[in-house]
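> The listed protein sequences derive, respectively, from chains A and B. Position 278, counted from 1, in the first sequence is what the working numbering calls 278; the numbers after and before it change by one each time, with no gaps. In short: position in the second sequence from 1, add 389, done, that's the working numbering. Just so it is clear, CB atoms sit at the ideal spot from N, CA and C, and this is done for glycine as well. Remember, predicted model here, so these are calculated numbers, not experimental data.
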Amino acid sequence: MNLHEYQAKLRFAEFGIPVPRGKVAFNANEAYEIAKELGGVTVVKAQVHAGGRGKAGGVKVAKTPEDAREHASKILGMNIKGHTVNKVLVDPGANIKGEIYLAVTNDRAARKPLIMASAEGGMDIEEVNRVSPEKIVRVHVDPLIGLRGYQITELASGINLPHDLWKQFEKIAMGLYNCYVGSDATLCEINPLAVVEEYGQTILKALDGKMTIDGNGLGRHPELETLRDTSEEPQEEITARESDLSYVKLDGQIGCMVNGAGLAMATMDMTAHFGEQYGIGPANFLDVGGGADPDQVAAALRIILSDKNVKAILINIFGGITRCDDVARGIITAMSEVPTQLPIIVRLIGTNQEEGLAIINSANLTNMTGAKTLYEAAQKAVEAVRGAK
Amino acid sequence: MAILIDKNTKLVVQGITGKQGRFHAQQMIEYGTNVVGGVRAGKGGEWVLGKPVFDTVKAAREATGANCSIIYVPAEGAADAILEAVDAEVELIVCITERIPIQDMMKVRAILDHSKSRLLGANCPGLLTPGQSKVGIMPGYIATPGPVGVVSKSGTLTYEAVYALTQRGIGQTTCVGIGGDPINGTSFLDVLQMFEEDPNTEKVVLIGEIGGTDEQKAADFIDKHMTKPVVAFIAGQRAPEGKTMGHAGALVEGNVGTAAEKIEKLKSVGVKVAAYPEQIPDLIMQ
């Protein structure tokens with residue numbers, strides 16, 4: 001689960017990291033009021049789950065509250081990489097003297113947390129990594145011991161941070177690591193961690209923030225679950241999560257219902273394998289769970305049917321411990337609860353597959369066809385979509 | 390011969406009193422696995438399916454001589470259950486539980502690295518040595534003894550491949566599900582090494598998916614150390630970037646972990662890569 005910049009910065013502040021005292025506005029007048037309250041120059045920033053906000057025109061500097069209102073009215077409703085902007089953050093302007101990058105993330109290959117710093121802050125870190133990877137200092141943290149002071153020294157000296165900023169930097173790095181652990185995050189990123197002049201002092205401040213939370217850790221952080229912003233998610237994905245189904249919306253026409261994530265991916269691949277030449281492909285990834293329970297099948301069917309692009313449905317179930325005849329009965333029951341005229345191709349394999357297929361065939365549902373192999377099922381689904389066009 | 394488990398494996402079931410644990414314990418006993426007992430704190434002294442229940446893994450190990458444990462406890466207690474088995478020095482720990490927070494698994498890994506135990510999973514279907522022992526949730530009848538070793542990140546996709554092999558009369562030494570989590574106990578590389586050393590395994594099937602670099606590392610290992618032919622299948626060729634496809638580990642990050650990258654790498658070291666799962670037996674027979 002991704003947090004918005006303003007949510008991430010509020011969380012950082014809870015861990016002692018200095019952040020600007022901006023506020024979120026949902027309309028242009030609120031942006032005006034916030035800018036007026038802050039006084040001076042402000043920055044109006046789109047709050048949207050997409051990168052490259054600046055390049056897309058989603059971040060603007062405002063000299064006056066009127067400017068802030070003007071910018072907010074343009075940014076709100078803007079589409080950034082397919083995401084509509086519903087709110088803006090109005091932050092006070094800062095007198096920036098330098099920009100650092102600082103992040104904690106999971107290093108999957110090393111199986112450890114990784115803390116990274118770079119003197120090349122404010123830029124796209126992936127670009128820095130591509131052009132000059134040596135400019136990123138990386139330190140692995142032992143998850144049993146946690147981040148140690150000497151490791152922060154390695155980072156600070158590695159990026160040539162002036163000595164007078166080390167104390168602040170240590171507090172921020174430790175705060176960021178604690179935030180990562182205390183939030184079950186998979187990423188906590190400050191970019192830029194800016195060197196700013198404020199009231200005659202030089203301080204480090206997190207001007208931008210990004211956080212991703214491990215969905216499997218959310219149970220331990222109910223306060224973070226309330227930060228979930230579903231306004232940018234497809235309705236189908238929200239419904240699927242509520243039904244405890246694993247679903248990802250795609251842009252094809254074949255609704256796929258499969259038990260098991262690996263098999264679900266393989267099924268998607270097969271529909272594209274046959275359909276690509278006709279512009280046909282999978283409408284979704286959907287794992288109904290290994291057991292293909294009838295209630296889950298019905299819920300899955302509802303979600304697939306709510307996607308108006310879907311022209312055919314492919315059900316691919318491997319009956320392992322679950323028997324295919326039980327699954328077949330579940331599918332028939334689900335069909336009576338969620339009727340549809342769309343062509344449905346059912347492939348059942350594994351325990352009692354013959355009995356399962358017989359149940360599907362004898363149900364006399366004219367729109368439903370059986371298939372013996374995944375190969376055949378995918379071909380039939382593609383043909384069905386072509387016929388429907 | 391086989392790898393990891395055989396008819397001498399003595400299994401203890403952690404979470405045997407729960408719905409899943411009890412159901413699968415029954416299935417394993419029916420398959421012929423030597424289940425010697427179960428563990429559930431607070432239920433020590435009871436009996437389930439004719440097997441003694443112990444309060445701790447340590448007590449179960451002392452009383453039964455168990456050398457393998459399987460974990461069917463909910464995600465919030467799963468890391469604890471693994472650590473308990475490590476502490477009891479169980480040689481092979483198989484964790485079926487899914488949705489364990491990744492930071493828990495990082496800690497578990499750090500402890501495992503300095504222990505006497507091997508972990509398989511989490512979020513895996515377990516493993517099966519046809520005709521000898523089944524530890525996990527794989528349907529037993531789909532497999533049959535033979536010369537092919539199977540290693541996979543997926544559950545039902547493995548069943549699909551194993552079943553297809555069995556239907557064509559090609560048996561298996563051991564079928565191993567390493568699981569779909571980003572941080573797990575046993576990698577492709579570990580299992581490939583075991584298959585390479587197992588005299589009864591002649592060929593190997595590797596079933597991977599998008600996300601991470603495990604398949605790429607496997608390719609390097611195959612290139613340098615394997616004499617036995619490997620056939621592979623990689624799921625998720627049409628997966629969009631930045632979306633988790635069911636398995637927590639099945640996620641393309643930036644341009645790292647795409648199916649295309651993995652397929653290309655495997656092909657470059659001479660691995661035959663199937664275009665779809667049903668093609669695997671054809672490539673094995675070639």
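Measuring straight from C-alpha to C-alpha, what distance separates residue 450 of chain B and residue 522 of chain B?
In a straight line, the C-alpha of residue 450 of chain B is about 19 Å away from that of residue 522 of chain B.
> At 3 residues or longer, and completely inside the stretch 416-469 of chain B: list those beta strand (DSSP E) runs for me, N to C.
Whole beta strand (DSSP E) segments, 3+ residues: 423-428, 440-443, 457-460.
> What are the residues in the stretch 4-19 of chain A lying within 8 Å of chain B by C-beta distance?
Residues: none.
> State yes or no: is the beta carbon of residue 628 of chain B nearer than 8 Å to at least one beta carbon in chain A?
With 8 Å as the cut-off, residue 628 of chain B counts as an interface residue toward chain A.
> Could you tell me which residues DSSP pairs with residue 140 of chain A in its beta bridges?
Note: residue 140 of chain A sits in a beta bridge opposite A:114.
> Where residue 71 of chain A and residue 39 of chain A are concerned, what is the direct C-alpha to C-alpha distance, given to the nearest angstrom?
Taking the straight line from one Cα to the other gives about 16 Å.
> Using a cut-off of 8 Å between C-beta atoms, extract the partners of residue 126 of chain A located in chain B.
Correct list: 643.
> Quick one: what's residue 669 of chain B bridged to in DSSP?
Answer is none; residue 669 of chain B lacks a bridge partner.
> Would you decide whether residue 675 of chain B is buried or exposed? Buried here means 16 or more other CB atoms lie within 10 Å of its CB.
Exposed, because fewer than 16 other Cβ atoms sit within 10 Å of the Cβ of residue 675 of chain B.
> Taking 8 Å as the cut-off, does the stretch 433-452 of chain B touch the stretch 467-485 of chain B (at least 3 CB pairs, one atom from each stretch)?
As far as the Cβ criterion goes, the stretch 467-485 of chain B touches the stretch 433-452 of chain B, which means the pair count is three or higher.
> Less than 8 Å between the C-beta atoms of residue 204 of chain A and residue 18 of chain A, yes or no?
Cβ atoms of residue 204 of chain A and residue 18 of chain A: closer than 8 Å.
> Could you tell me how far apart the beta carbons of residue 342 of chain B and residue 638 of chain B are, in whole angstroms, since I believe they sit closer than 8 Å?
Residue 342 of chain B is absent from the model: chain B starts at 390 and stops at 675.
> For residue 81 of chain A, count the other beta carbons within 10 Å of its own beta carbon; 16 or more makes it buried, fewer makes it exposed. Which is it?
Under this definition residue 81 of chain A is an exposed residue.
> Quick one: list the residues of chain A neighbouring residue 398 of chain B, beta-carbon separation under 8 Å, in chain order.
Ordered by position in chain A, no residue passes the 8 Å Cβ test against residue 398 of chain B, which lies about 20 Å from the chain.
> Quick one: which chain B residues come within Cβ less than 9 Å of residue 374 of chain A?
Result: 549, 665, 666, 667.
> Am I right that residue 117 of chain A and residue 155 of chain A are in contact with their C-beta atoms under 8 Å? What's the rounded C-beta distance?
Confirmed, about 4 Å.
> Going along chain A in order, which residues have a C-beta closer than 8 Å to the C-beta of residue 420 of chain B?
What residue 420 of chain B touches in chain A: nothing, since even the nearest Cβ is about 11 Å away.
> Using a Cβ cut-off of 9 Å, pull out every chain A residue sitting near residue 496 of chain B, in sequence order please.
The contacting residues are 143, 144.
> Quick one, are the C-beta atoms of residue 288 of chain A and residue 245 of chain A less than 8 Å apart?
In contact: residue 288 of chain A and residue 245 of chain A (Cβ atoms closer than 8 Å).
> Any Cβ of chain A within less than 8 Å of the Cβ of residue 520 of chain B?
It does not; no Cβ of chain A falls within 8 Å.
> If you drop the 5 nearest sequence neighbours on each side, which residues of the same chain put their C-beta closer than 7 Å to that of residue 548 of chain B?
So the qualifying residues of the chain are 527, 528, 531.
> CB-CB under 8 Å to residue 129 of chain A, same chain, minus the five flanking residues each way: which ones, in chain order?
If we look at residue 129 of chain A and ignore the five residues flanking it on each side, its Cβ neighbours are 136.
> If I measure Cβ to Cβ from residue 536 of chain B and keep anything under 7 Å in the same chain, skipping five residues before and after, which residues do I get?
Counting only Cβ-Cβ distances below 7 Å, and skipping sequence neighbours, we find 560, 562, 589, 590, 591, 592.
> On a CA-only basis, which of A:339, A:324, A:281, A:115 is nearest residue 301 of chain A? Give me that one, please.
For the residues A:339, A:324, A:281, A:115, the minimum Cα distance to residue 301 of chain A belongs to A:339.
> Look up residue 83 of chain A in the DSSP assignment and give the residues it is bridged to.
Answer is A:80.
> Could you check how far apart the C-beta atoms of residue 580 of chain B and residue 594 of chain B are, in whole angstroms? I think they sit under 8 Å.
The pair is not a contact, with the Cβ atoms about 11 Å apart (cut-off 8 Å).
> Taking a contact to mean a Cβ-Cβ separation below 8 Å, would you say residue 427 of chain B touches residue 406 of chain B in this structure?
Closer than 8 Å, so yes.
> If we call anything under 8 Å between Cβ atoms a contact, is residue 437 of chain B one with residue 457 of chain B?
The answer is no: Cβ separation not under 8 Å.
> Only counting runs of 3 or more residues, tell me where the beta strand (DSSP E) segments fall wholly within the stretch 303-351 of chain A, in order along the chain.
Runs found: 312-319, 344-350.
> If you reduce the DSSP assignment to three classes, tell me which class residue 634 of chain B lands in.
It is coil, neither helix nor strand.
> Could you tell me whether the stretch 349-358 of chain A touches the stretch 319-330 of chain A, where touching means 3 or more Cβ pairs closer than 8 Å?
Flag = yes, the stretch 349-358 of chain A and the stretch 319-330 of chain A touch.
> Pull up the DSSP beta-bridge partners for residue 368 of chain A, would you.
In DSSP, residue 368 of chain A forms a bridge with A:344.
> Enumerate in chain order the residues of its own chain whose CB-to-CB distance from residue 654 of chain B is below 6 Å, with the five nearest sequence positions on each side excluded.
Correct list, in chain order: 605, 608.
> Give the DSSP bridge partners of residue 597 of chain B, in chain order.
DSSP, once it has assigned bridges, lists B:623 as partnering residue 597 of chain B.
> State the DSSP-derived secondary structure class of residue 382 of chain A, mapped to helix, strand or coil.
Note: residue 382 of chain A maps to helix in three-state DSSP.
> Using 8 Å as the limit for Cβ to Cβ distance, is residue 463 of chain B near chain A?
For residue 463 of chain B, the answer is no, since every Cβ of chain A falls outside 8 Å of its Cβ.
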